[in-house]
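Per our numbering: the sequence shown ends with 659, consecutive numbering throughout.
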Amino acid sequence: MNSRLTGWDDTIVALATPPGVGALGIIRLSGSKAVSIVDNLFPSKSLQAQPSHTLHVGYLKNGEQAIDEVVVSLYRTPRSYTGEDIVEISCHGSPFIHQQVIAACIDKGARLAKPGEFTQRAFLNGKLDLTQAEAVADLIASNTEASHKTALRNIRGGFSHSLKELREQLIRFSALIELELDFSQEDVEFADRTQLRTLVGSALHQTAQLLESFKLGNVIKNGVSTAIIGQPNAGKSTLLNALLNEDRAIVSDIPGTTRDTIEEIINIDGVLFRLIDTAGIRAHTVDVSESAGIAKSRQKMEQADLVVYLFDANELDIEDLKAVERELKGLGAIYLLVANKIDAIDETAARRKFERLGGILFISAKSGLHLEVLKGRMVDVVLQDKVASENVIVTNARHYHALQEVHQSLKDVAEGMEHGLPGDLLSLDIRCCLQYLGEITGEVTNDDQLDYIFSKFCIGK
Ligand SMILES: Nc1nc2c(ncn2[C@@H]2O[C@H](COP(=O)(O)OP(=O)(O)OP(=O)(O)O)[C@@H](O)[C@H]2O)c(=O)[nH]1
Ligand SMILES: [Mg+2]
Numbered sequence: 199m200n201s202r203l204t205g206w207d208d209t210i211v212a213l214a215t216p217p218g219v220g221a222l223g224i225i226r227l228s229g230s231k232a233v234s235i236v237d238n239l240f241p242s243k244s245l246q247a248q249p250s251h252t253l254h255v256g257y258l259k260n261g262e263q264a265i266d267e268v269v270v271s272l273y274r275t276p277r278s279y280t281g282e283d284i285v286e287i288s289c290h291g292s293p294f295i296h297q298q299v300i301a302a303c304i305d306k307g308a309r310l311a312k313p314g315e316f317t318q319r320a321f322l323n324g325k326l327d328l329t330q331a332e333a334v335a336d337l338i339a340s341n342t343e344a345s346h347k348t349a350l351r352n353i354r355g356g357f358s359h360s361l362k363e364l365r366e367q368l369i370r371f372s373a374l375i376e377l378e379l380d381f382s383q384e385d386v387e388f389a390d391r392t393q394l395r396t397l398v399g400s401a402l403h404q405t406a407q408l409l410e411s412f413k414l415g416n417v418i419k420n421g422v423s424t425a426i427i428g429q430p431n432a433g434k435s436t437l438l439n440a441l442l443n444e445d446r447a448i449v450s451d452i453p454g455t456t457r458d459t460i461e462e463i464i465n466i467d468g469v470l471f472r473l474i475d476t477a478g479i480r481a482h483t484v485d486v487s488e489s490a491g492i493a494k495s496r497q498k499m500e501q502a503d504l505v506v507y508l509f510d511a512n513e514l515d516i517e518d519l520k521a522v523e524r525e526l527k528g529l530g531a532i533y534l535l536v537a538n539k540i541d542a543i544d545e546t547a548a549r550r551k552f553e554r555l556g557g558i559l560f561i562s563a564k565s566g567l568h569l570e571v572l573k574g575r576m577v578d579v580v581l582q583d584k585v586a587s588e589n590v591i592v593t594n595a596r597h598y599h600a601l602q603e604v605h606q607s608l609k610d611v612a613e614g615m616e617h618g619l620p621g622d623l624l625s626l627d628i629r630c631c632l633q634y635l636g637e638i639t640g641e642v643t644n645d646d647q648l649d650y651i652f653s654k655f656c657i658g659k
């Protein structure tokens, strides 16, 4: 293990389950003295003599004083989460017992673990690379099906695998360049420039894809910000209330009711949407506070991951909608065009009215008609099947920033080749790429950076 880190040979202890009352609590120890420490507290059997991956029932005692009847699990190095000896004590779920067990372990020579220290040890012992270790924290924090799925995929090494491919391409590239340097006396272009260009091109493509996936990754982790936009009285607040199933926003038949923006979160099929109800947008208004609200609506529309453009099917015509669509396309937004109030107009007539513009959804926010269709489409346009497929999705901002550096240095290489930069300079840029890639997986790190990453974990993980 990395000997620059102080305290790495200590045996650490922490409560692995949430603090508070529960049916059970698990206290975990990791380190070379884990077995002997618990052995000291477990008089009924010699734990030191037991094989790995076994369970033992008995009383935990500190001296003469019995603490609890417990189950002890043993995992011996290297076949454990951290790669060290691990002992887990399952006791009853009372905070008093937890405290007593931990105090007894410390009494016998353990020390309290720092946040994330178990996972940090797993990383330092080569059990996980850094992206996998970070995915452990994401998995614990995941609260929807989509975020759970992506975190699990990253723990299994999906992201690292794709970085490894990239790394191999770059190493091949730099080998070709360096081969050329060896022959520089002979003034031949040994490394085929076309081949090099293809390699850089495909590496650039791969990083661009990973960078692009961060948009989706961020959405999965933090929710899809969804702006409900439309003219005054279109029924935006009614739609927000209907989706939330509660009367959150004020609804009235007076246009311009919503002045400020209202945000609420809903979970649709395992994806979080942050719904934003906005002030209705119309071109001219004399009321100062309403126009401030409108400016804010436009801003929300520009920042949103998804725009739900809601309109009164009785009011707008196809030309109005075309203009709206042009504006949304101009913003580069993901959007849905949703015709509302189809309870007040014949649905078939409404569909016919807009049939030349495909992809419009028809709902009634008031009666709840076709709301399920709208919800389904919201999920579909955001995920576009990407979560279910085996695509790698970048969810971590640290990875994203390092990938940006990789992408930039690849661009430098491509440009350098364009301008006939000598091989030794090209190879410097490649090294730079490899350095940033190594930072993502943890092959190149410094202690401060590691401490920072793991400090964001909870204690006991
Ligand atoms: N018939 C019918 N009326 C609706 C429907 N949805 C909303 N309304 C009515 O339309 C009026 C305006 O609804 P709101 O939800 O306040 O509209 P808004 O878009 O939030 O309006 P502003 O906040 O003023 O921009 C209210 O009288 C609603 O009851 C619908 O699906 N069908
Ligand atoms: Mg409103």
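Glycine is no exception: its CB is placed at the ideal position from the N, C-alpha and C atoms.
Please state whether the Cβ-Cβ distance between isoleucine 540 and isoleucine 561 is less than 8 Å.
yes
In whole angstroms, give me the CA-to-CA distance for tyrosine 650 and arginine 354.
23 Å
Using a threshold of 8 Å, state whether the C-beta atoms of arginine 351 and glutamate 286 are closer than that.
no
For threonine 459, verify whether its CB is less than 7 Å away from any heavy atom of ligand 2.
no
Which residues bound the alpha helix (DSSP H) around isoleucine 532?
Taken as a continuous stretch (DSSP letters only), isoleucine 532 belongs to no alpha helix (DSSP H), being part of the beta strand (DSSP E) at 532-538.
Contacting residues, own chain, Cβ-Cβ under 7 Å from glycine 574 (five flanking each side not counted):
none
To which residues of the same chain is threonine 252 closer than 7 Å at the C-beta, ignoring the five residues directly before and after it?
Closer than 7 Å at the Cβ level, and outside the excluded window around threonine 252, lie Leu272.
Name the DSSP bridge partner or partners of glutamate 461?
Ile474
Applying the criterion that 16 or more other CB atoms from any shown protein chain within 10 Å of the CB defines a buried residue, is cysteine 656 buried or exposed?
exposed
Check whether the stretch 366-374 touches the stretch 623-632, taking contact to mean three or more Cβ pairs, one atom from each stretch, closer than 8 Å.
yes
Compute the distance between the beta-carbons of leucine 402 and alanine 600, then report whether it is under 8 Å.
no
For lysine 259: DSSP bridge partner residues:
Answer by DSSP bridge pairing, in chain order: Ala264.
By how many angstroms is the C-alpha of alanine 595 removed from the C-alpha of glutamate 410?
Their Cα atoms are separated by approximately 13 Å.
Contact defined as beta carbons within less than 8 Å: I believe asparagine 260 pairs with leucine 245. What is the distance between those atoms, to the nearest angstrom?
In fact, because the Cβ distance is near 16 Å, the residues do not count as touching under 8 Å.
Would you kindly work out how many angstroms separate the C-alpha atoms of alanine 308 and serine 234, rounded to a whole number?
When only Cα atoms are considered, alanine 308 and serine 234 end up about 10 Å apart.
Run through the DSSP bridge pairs and tell me what glutamate 286 is partnered with.
Arg226 and Ser271
Measure the alpha-carbon distance for glycine 640 versus aspartate 327 and round it to whole angstroms.
Cα to Cα, glycine 640 sits roughly 6 Å from aspartate 327.
Between which two residues does the alpha helix (DSSP H) carrying phenylalanine 371 extend?
356-380
How many Å lie between alanine 542 and glycine 557 at the Cα?
Taking the straight line from one Cα to the other gives about 21 Å.
With a CB to CB cut of under 6 Å and the five nearest residues on each side skipped, what residues in its chain are close to glycine 658?
Ala212, Leu213 and Ala214
Quick one: using the 10 Å Cβ neighbour count with 16 as the cut-off for buried, is lysine 520 buried or exposed?
exposed
Between threonine 424 and ligand 1, is there a pair consisting of the residue's CB and a ligand heavy atom that are separated by less than 7 Å?
no
Let me know the secondary structure DSSP gives glycine 291 once reduced to three states.
strand
Please name the residue in His359, Ser242, Val449 and Lys312 whose C-alpha comes closest to that of valine 592.
His359
Report the rounded CA-to-CA distance for glycine 324 versus leucine 364, giving the unit in angstroms.
21 Å
How is aspartate 208 classed by DSSP in three states: helix, strand or coil?
coil
Under a Cβ-count criterion, where at least 16 other Cβ atoms within 10 Å of its own Cβ denotes burial, should glutamate 570 be classed as buried or exposed?
With a threshold of 16 other beta carbon atoms within 10 Å, glutamate 570 falls short and is exposed.
Would you mind listing the alpha helix (DSSP H) stretches within the stretch 415-466 that are 4+ residues and don't spill past its ends, in chain order?
434-442
Does the Cβ of threonine 456 lie closer than 7 Å to at least one heavy atom of ligand 2?
Result yes, Cβ under 7 Å from ligand 2.
Per-residue burial, asparagine 341 [other beta carbons within 10 Å of its own, 16 or more giving buried]:
Looking at its Cβ environment, which holds fewer than 16 other Cβ atoms inside 10 Å, asparagine 341 is exposed.
Please find out if some non-hydrogen atom of ligand 1 comes closer than 7 Å to the beta-carbon of alanine 542.
yes
Status (buried if at least 16 other CB within 10 Å, exposed otherwise) for valine 580
buried
State whether the stretch 460-475 contacts the stretch 417-427, with contact taken as three or more CB pairs (one from each stretch) at a distance under 8 Å.
Under the three-pair Cβ rule at 8 Å, the stretch 460-475 counts as touching the stretch 417-427.
Between the stretch 523-534 and the stretch 445-460, do at least 3 Cβ pairs fall closer than 8 Å?
no
Who does leucine 504 pair with in a DSSP beta bridge?
Bridge partners of leucine 504: Thr424 and Ile532.
Host alpha helix (DSSP H) of aspartate 645 (start-end)
645-653
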